[in-house]
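Trainee: The numbering of the sequence shown is numbering that gives the first Met the number 0, which starts it at 0 and goes up by one. Beta carbons: idealized from backbone N, C-alpha and C, even for Gly. So that we are looking at the same thing, I have put the structure below in structure tokens.
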Amino acid sequence: MAAVVAQSHFILGLRTGVRNNLCFFDEQTVVFPSGNNCVCYNTVQRCQRFFPGSEKSQGMRALAISANRRYLAVSECGVEKATITVFDLLHEQGRKRKVLAAGDMPVQEYICMAFSPDSKYLVGQTAGPDWMLIFWLWEKQKVLATVKTSNPNNPVSQVSFNPYNNMQLCVSGTGVFKLFRYTEGALKPSSFSKVEAINFLCHTWMTEERVIAGTDQGRLLVFESGDLRREITTGQPGRQVELKKIRDSDGDVGPNVPQITAIVSYSKGFACSLGPGTVCLFEKTKEDGYRRSREIRIPADPYCSELSPAECQGIDSMCVSPAEETVAISTDRGQLYSFCLASVDNSKEEPAHFDFLSQSLHSKSITGLSVCIRKPIVATSSLDHSVHIWNYQTKVLELYKEFQEEAYSVALHPTGLFVLVGFSDKLRLMNLLIDDIRTFKEFTVRGCRECAFSHGGHMFAAVNGNVIHIYSVTSFENILDLKGHNGKVRGIEWSLDDSRLVSCGMDGAVYEWSTQTGKRESESVLKSCSYTGVAFSSDCKSILAVGTDLTLREIQHSQVLREVTADDVAHSAVAVSRSGRVIFTGTSSGTIRAIRYPLPSQKEWIMYQAHCGPVTKMVITFDDQFLLTASEDGCMSMWKIIDKEGRGLRSNRQIIHTEEILVTKSDLEEKTQNMVELSMRLDELHMENEYQLRLKDMNYNEKMRELSDQFTQHIESVKAMHQATKTEMEKKEHKHQETFAAVTVKHSKEQRDLEVSYSQKLIVEHERYQDLQQKHQRMQEDYEKQLRAAEESKVQVLEEQTQLYEAKLQEKTQLLSQCQEETQQQIREFKEMIKQVEEDEERKILHIQVKYEKKLHTEKETNVNLRGETGMMTQKFYSLQRQVEDKDTDITKLKQERQRMLGLTRSLESDIEDLKKQISGHQKTNQDKDKTISSLKKKNQELEKLKFVLDFQLNELQNQTEPQQEDINDKKERIHQLEEELIQIDKSNTQLKLTVSDLRLKLRTKDKEMQKEMQKVKDSETHLQRLQSDLHNCVGFIQEPRKLKDGVQMLYTRYVPQTERVGNSNVEEDIKMVFCRQRDHLEKTVSSLKIRLSKSAEEHEKVYVKIMKENVTLITEINQLRKELRVVRNQVKELKALLASSKSSSRSRPCSEEGPERGAQT
């Protein structure tokens, strides 16, 4: 075994994906999972204690801390089954108390756990598809009860104990909110809320009966005794939060509503997360409500990029310290924040901000790790786009910065003033300033996964795929390109004198290069292995390499000297101590192995539980004091390297750490300018304060003078009053002495008189006492004689009474047997009555069921008929619409003909004007004009014929529209009838609801009567039992007459004055079972009837809505038809008027033309 060991010193990182991954141990100490450990971190002393996970663990799933803050439960997934380990937090080494398992039940994972308020019981919720809840008496490792809490489609998110009751639990999840109670050796559901549409993410107990739960839609629901009562609206701070009743169906919330992922209660109210990066505090009000008092947010990161702001972090877990002074949260990006509740000022409306609980941590896989010789700092790069600079001695984060791209590799310059970071696009050389990491040179090396400075700091090597580039730090020139690998290079390291460089790759090759010539000095190729890590030995004579073939190899002069094979886990990284005594390797399972050097021939190493993911990088500090490891789980672990006796390793090199830092000239000038301005401002404030102090001194001196004058006057007045009161007191004292002397004289006289009178009374009383004593003696003698006579008479009476009561006893025994027979008869009758009642109820229910089924059938038939009629109506409507369209086309044709006729009339008018001109100008052409007149008359006759045709068509249109109007009126009447039928259906539905409510009331009254009868039977049974026990006691005194007599008298006084009816005996268990079964049957039938009623109501509503829509469409179409008819009628009227005007004009024109012709002939 190795003589050198590693001891856990500090770990930086938070393991996400663990339920309840942050708990308070005390006011200054928190517990959280990191890597494969649970860490107990003191925030004041900055020290940690570790509780390592089990060796075969496949990961932690949940944490739980007991109410007394002593025990910590950790659930882990195993290869075969999951386990729960309980640690004692008060023990220094954190010893394991118990390891709990589910027995024979195959459990793969416990997703959440909870301790009881007295810390004696532990409950664990398993994952799907079984979703079993297991209840342990954990100190005895005994499973008390198990119960299934959900189905495979509804996952459970949280389980908790009632803090006021050890036996009550609450389980919440997707469509699940149940309360269980542990009674009679089983977990029984005490309430069941119908919340299938709600996804509960968290809940907390407020009182013994009240639970508040948060959902994925940003709702806060209040449950009282397991029933959903109301909802807390999340309003603005300072406003009263109303508690309103809600329904399960009111779940239509927008997609951007923040989720409530964590909630915790405290004495003043509760705190809950309200979306990414926000926590809201709610306080109790006098009206038994809750008021949103303050909002706390995660602050914006000053060095964060716009792509991943710190404000968008989801809150995974939340806890409050035992004294309720601090609230702490953990986020999904692996960060820890805290806020002091004592500093909450509810008068301020602007939100408060969280502070880092320790410091900023990595949230994704750490890809690079590097140390330097001049400063105790370590640089890490991660896929979360950040680079962190830590001080491994003080365990403080000195610098960090986030970038736009992922950081693949990092290397610190030996001076600690520069850092080399590889990104996807370029390799950047940066200055480590006092408060920033600033780029000053970029190199065109894409996707640099490995980079390293030489020990002298004058060169650095950077990997680009399968090529290694060597650059000069002073001139930034590419000195050498080392080519030879066929696969990606996974590791490089410089020798101590910087003359050689060793590299390993995924192609199975390990090459040793000369940094002077760029040639390979040695090589070792094993194609079956993909190497992941390489290092020089302490004397740089041999090379140590690890890869995927589970073997650690020592290579020298291209030959493999020694090999150490692992069991079943591959080595992923390697680091060699400067002293050469030990080699540390990291594995793909996250463990660390310490192997002594020279390498042993057998499998000898010490294994430590470190990380929950593969170890990506390992490095040992130059003073051999610390081992630093980084993993894909985003955690960096610090280990102290000590020997078996606990002492640190001695280093041959004396390392002196410097404290120099880089500051740019602009920053320095800006700071000096700020210092000058601040000093000037300080002087001004000093002068102003002195002036204000002088003014205040003057004001205070004046006030002191005024007060001193007032107090001197008051003192003088008080002295005068004191003198006056003193003289009055002397006068009153003199008067009191005189009155006291008179009273003493009077009292002495009265005392003498009383003594004389009472002495005489005493003599008289003494004489009376002697006479009374003599009378007492006489009376005593008389009473003794009377007692003797009474005893003799008593004996006689006793004998008579014994005989009498013996006879009565026989009668009572006979009566008792009769009463028992009667009770049995009554029990039979009661059973028959129950059967009859059950049969009657069944008949009634069957009758009601048949009745409602008939009604439903008739309503369905009417619905079908209505649908058919509506189809017919729609077909008729479509046919009418087609006819209307045909009529529209006819009307358009008529309009075209009318326009044509108008054109003809206009042309005729022009011809007439031409003829008039010809008649006036040319009298010789009269014959031609006669011919034209005759032609015009013929045209006029044709126009009259057209008019007749148009009138006939108009009449036909009117005849056709009248039946359509009648059909429309018939449809209106039919719609009215349908509306009346719908109203009747609604009335029948309301009547059905009333009958259902009456049936419920009858069932309740029957239940109450049954309870009363059962109570009577119980009372009668207890009465009989008491009578039997008393009779049994009396039978025991049958040989002792006096005791028997006393017992009989006691029976007589106890049972005779009461009603002589003997109660019925206890109802048998089978009757109860039959009654419960019948009640369940009735409840099921009532629920089925309710469902049918609701379905029928929904169908009626749908039909009613459909009919109303069709009615609306029909009415709109009817209105359109009416409008079109009106337009057609107006057009017909216009045509008629035009025809009449054309007729009158045609008649007037021939007459006027005949007149001048006759004049010309004469």
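1) Does the segment 396–407 come close enough to the segment 459–470 to have 3 or more Cβ pairs within less than 8 Å?
2) So, helix, strand or coil for TYR1054, using DSSP?
3) What does DSSP give as the partner residues of ILE762 in its beta bridges?
4) Give me, in chain order, the residues of the same chain whose beta-carbon lies closer than 7 Å to that of GLN6; leave out the 5 immediate sequence neighbours on both sides.
5) Out of curiosity, what's the CA-to-CA distance linking LEU136 and LYS97?
6) Is it buried or exposed for LYS702, if we count other Cβ within 10 angstroms and need 16 for buried?
7) Do you know how far the Cα of LYS793 is from the Cα of GLN809?
8) Taking all protein chains shown into account, decide if GLY490 is buried (16 or more other Cβ within 10 angstroms of its Cβ) or exposed.
9) Name the residue from LEU99, PHE355, GLU837 whose alpha carbon lies nearest to the alpha carbon of ASP1079.
10) Kindly confirm or deny that the segment 59–73 and the segment 10–28 touch, where touching means at least three C-beta pairs closer than 8 Å.
11) Are the beta-carbon atoms of ALA113 and ALA144 separated by less than 8 Å?
12) Would you mind sorting ASP1208 into buried or exposed? The rule is 16 or more other CB atoms within 10 Å of its CB.
13) Indicate whether TYR109 and SER74 have their beta-carbon atoms separated by less than 8 Å.
14) Out of MET832, VAL221, LEU1088, LEU495, which has the shortest C-alpha to C-alpha gap to VAL849?
15) Checking the sheet assignment: what are the DSSP bridge partners for PRO32?
16) Tell whether a beta-carbon distance below 8 Å holds between ALA270 and VAL326.
17) For VAL252, name the three-state secondary structure that DSSP assigns.
18) Compute the distance between the beta-carbons of TRP493 and ALA534, then report whether it is under 8 Å.
19) How close, in whole Å, do the beta carbons of HIS126 and GLN107 come, if the pair is a contact with beta carbons under 8 Å?
20) Any contact between the segment 75–82 and the segment 355–374? By contact I mean 3 or more CB pairs, one from each, below 8 Å.
21) Give me whichever residues DSSP pairs with VAL395 in a beta bridge.
22) Can you tell me whether DSSP reads CYS1033 as helix, strand or coil?
23) Under a three-way DSSP split, which group does ILE594 fall into?
24) Which residues share a DSSP beta bridge with THR325?
25) Can you tell me the Cα-Cα spacing of THR28 and THR393, whole angstroms?
26) Return the CA-CA distance between VAL995 and HIS856, expressed in angstroms with no decimal places.
27) Touch check for the segment 1115–1128 and the segment 875–883: three-plus C-beta pairs under 8 Å?
28) Excluding the 5 residues flanking LEU1026 on each side, which residues of the same chain have their C-beta closer than 7 Å to its C-beta?
29) Can you tell which of GLY421, GLU476, PHE625, ARG693 has the C-alpha that lies nearest to the C-alpha of CYS447?
30) Closest to LYS285 by CA distance: which of CYS279, ILE295, LYS267 is it?
31) Applying the criterion that 16 or more other CB atoms from any shown protein chain within 10 Å of the CB defines a buried residue, is SER933 buried or exposed?
32) My output table needs one value for GLU476: the three-state DSSP class, helix, strand or coil.
33) Closest to GLN358 by C-alpha separation, out of ALA341, SER337, THR366, would be which residue?
34) Evaluate contact between the segment 859–871 and the segment 930–949, counting only Cβ atoms and requiring at least three cross-stretch pairs below 8 Å.
35) Quick one: residues in its chain with C-beta nearer than 7 Å to the C-beta of ASP215, no 5 flanking neighbours on either side, listed in chain order?
Mentor: The answer reads as follows:
1) no
2) helix
3) Per DSSP, none; premise fails for ILE762.
4) TRP638, LYS639, ILE641
5) If I take the Cα positions, the gap works out to 11 Å.
6) exposed
7) If I take the Cα positions, the gap works out to 24 Å.
8) A residue is called buried once 16 or more other Cβ atoms fall within 10 Å of its Cβ, and GLY490 is buried on that count.
9) GLU837
10) yes
11) no
12) There is no way to answer for residue 1208, as the model of the chain reaches only from 0 to 1161.
13) yes
14) LEU1088
15) CYS37
16) yes
17) Low local confidence applies: a pLDDT of 41 at VAL252 is under 50, so the model's placement there is unreliable, with the coordinate-based value given in what follows. In the three-state reduction of the DSSP assignment, VAL252 falls in the coil class, being assigned neither a helical nor a strand state.
18) no
19) Reading off the sequence shown, one finds Ala at residue 126, where the question assumed His. Confirmed, about 7 Å.
20) no
21) Note: VAL395 sits in a beta bridge opposite ASN390.
22) helix
23) The answer is strand: DSSP assigns ILE594 an E or B state.
24) CYS339
25) 18 Å
26) Separation of VAL995 and HIS856 (C-alpha to C-alpha, rounded to the nearest whole angstrom) is 19 Å.
27) Here the segment 1115–1128 makes contact with the segment 875–883; the two share three or more CB pairs at distances below 8 Å.
28) TYR1054
29) GLY421
30) LYS267
31) exposed
32) coil
33) The option with the nearest alpha carbon to GLN358 is SER337.
34) no
35) ASN198, LEU200, GLN258
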